[in-house]
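Residue numbers (the numbering used here), protein chains in the order written: chain A, 353 to 445; chain B, 353 to 445.
All residues carry an ideal CB built from backbone N, CA and C; glycine is no exception.
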DNA sequence: ACGTCGCACTTGCATTTTGCAAGTGTCGAC
DNA sequence: GTCGACACTTGCAAAATGCAAGTGCGACGT
């Protein structure tokens with residue numbers, strides 16, 4: 353499997369990169385991600401679980417049943433790739 | 353929709369970026385892509401249609417019923433993003 | 001002490017996407 | 001005129017995604 357395929361195995365699923373992009377600004381709570389991205393709640397839960405398992409992000413407990421999701425170093429390392437893709441998307445056509 | 357979401361709308365589908373990566377080396381024929389990537393043939397056909405419609409690649413007629421797929425400028429512009437993602441994938445863990 | 005609210009999910013089911021296997025059409029070579 | 005290579009298409013099963021409604025749990029007011 354190529355390096356690209358390995359990367360896509362982790363962040364190639366729908367919404368995954370959008371979640372990571374949102375977390376580049378700093379830790380966010382579940383509800384914030386959901387409202388900002390418009391992602392279905394079950395998909396968000398699934399992605400967060402997968403991305404945590406992949407070591408891209410971690411859960412930070414805040415208060416009682418509230419927590420924040422924050423990128424790990426490995427997650428932050430995606431910044432370059434995300435910026436490059438976003439720039440390509442911006443040059444539409 | 354963010355720029356990243358716009359990009360993923362075009363190249364976010366499964367196999368799409370892998371096809372583009374393969375074409376970065378130069379035009380390839382259908383059968384080559386299929387064998388090199390191990391992508392199901394109906395998916396390859398679908399992706400090539402979508403990527404052509406999106407202006408990422410074009411068909412070059414070769415001989416009779418043989419053609420090659422080549423990246424457009426817009427397709428080549430994905431190189432940076434692909435390299436960044438592949439590098440991230442290579443730094444596994 | 002009790003109901004209510006916000007938050008972070010889970011669950012059930014319909015829809016869409018993906019994948020596998022087999023088939024189709026076309027052209028050139030033999 | 002039949003055979004093989006090439007580029008697909010088709011039919012159907014499996015998996016991913018999406019929508020809507022429900023669950024659990026602690027805080028907060030009364």
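(request) Mind checking which residues open and close the alpha helix (DSSP H) that includes residue 403/A? (result) Taking the first residue of the first chain as 1, we reach residue 403/A at position 51. Segment 393-405, the alpha helix (DSSP H) holding residue 403/A.
(message) Which residue marks the beginning of the alpha helix (DSSP H) containing residue 436/B, and which one marks its end?
(response) Reading the second chain from its first residue, position 84 is the one you call residue 436/B. It spans 431-442 - the alpha helix (DSSP H) in which residue 436/B sits, taken as one unbroken run.
(request) Taking residue 432/B as the query, report the chain A residues whose CB atoms sit under 7 Å from its CB, ordered along the chain. (result) Numbered from 1 along the second chain, position 80 holds the residue referred to as residue 432/B. Per Cβ cutoff of 7 Å: 436.
(request) Can you give me, in chain order, the residues of the stretch 381-407 of chain A that have a beta carbon less than 8 Å from any beta carbon in chain B? (result) 407
(request) Report the neighbours of residue 420/A on chain B: residues whose CB is nearer than 7 Å to its CB, in chain order. (result) By one-based count along the first chain, residue 420/A stands at place 68. What residue 420/A touches in chain B: nothing, since even the nearest Cβ is about 21 Å away.
(request) Just the C-alpha distance for residue 369/A and residue 363/A, rounded to the nearest angstrom, thanks. (result) For the purposes of this step, residue 369/A is taken as residue 17 along the first chain, with counting starting at 1. For the purposes of this step, residue 363/A is taken as residue 11 along the first chain, with counting starting at 1. In a straight line, the C-alpha of residue 369/A is about 6 Å away from that of residue 363/A.
(request) Find the nearest neighbour of residue 403/B within the set 358/B, 383/B and 427/B, judged by alpha-carbon distance. (result) Here residue 403/B corresponds to residue number 51 of the second chain, with the count starting at 1. Ranking the options by Cα distance to residue 403/B, first place goes to 427/B.
(request) Measuring alpha carbon to alpha carbon, tell me which of 444/B, 375/B, 435/B and 430/B ends up nearest residue 441/A. (result) Within the first chain, the letter at position 89 stands for residue 441/A. For residue 441/A, the nearest C-alpha among the options comes from 430/B.
(request) Specify the secondary structure class of residue 376/B as computed by DSSP and reduced to three states. (result) Reading the second chain from its first residue, position 24 is the one you call residue 376/B. In the structure shown, residue 376/B sits in coil (DSSP, three-state: anything other than H, G, I, E or B).
(message) Can you give me the C-alpha to C-alpha distance between residue 408/B and residue 399/A, rounded to a whole angstrom?
(response) On the second chain, position 56 is the one that residue 408/B refers to. On the first chain, position 47 is the one that residue 399/A refers to. If you take the alpha carbons of residue 408/B and residue 399/A, they lie about 28 Å apart.
(request) Find the residues of chain B that neighbour residue 441/A, judging by a C-beta separation of less than 7 Å, and give them in chain order. (result) Position 89 of the first chain, counted from the first residue, corresponds to residue 441/A. Chain B residues near residue 441/A: 355, 356, 358 and 359.
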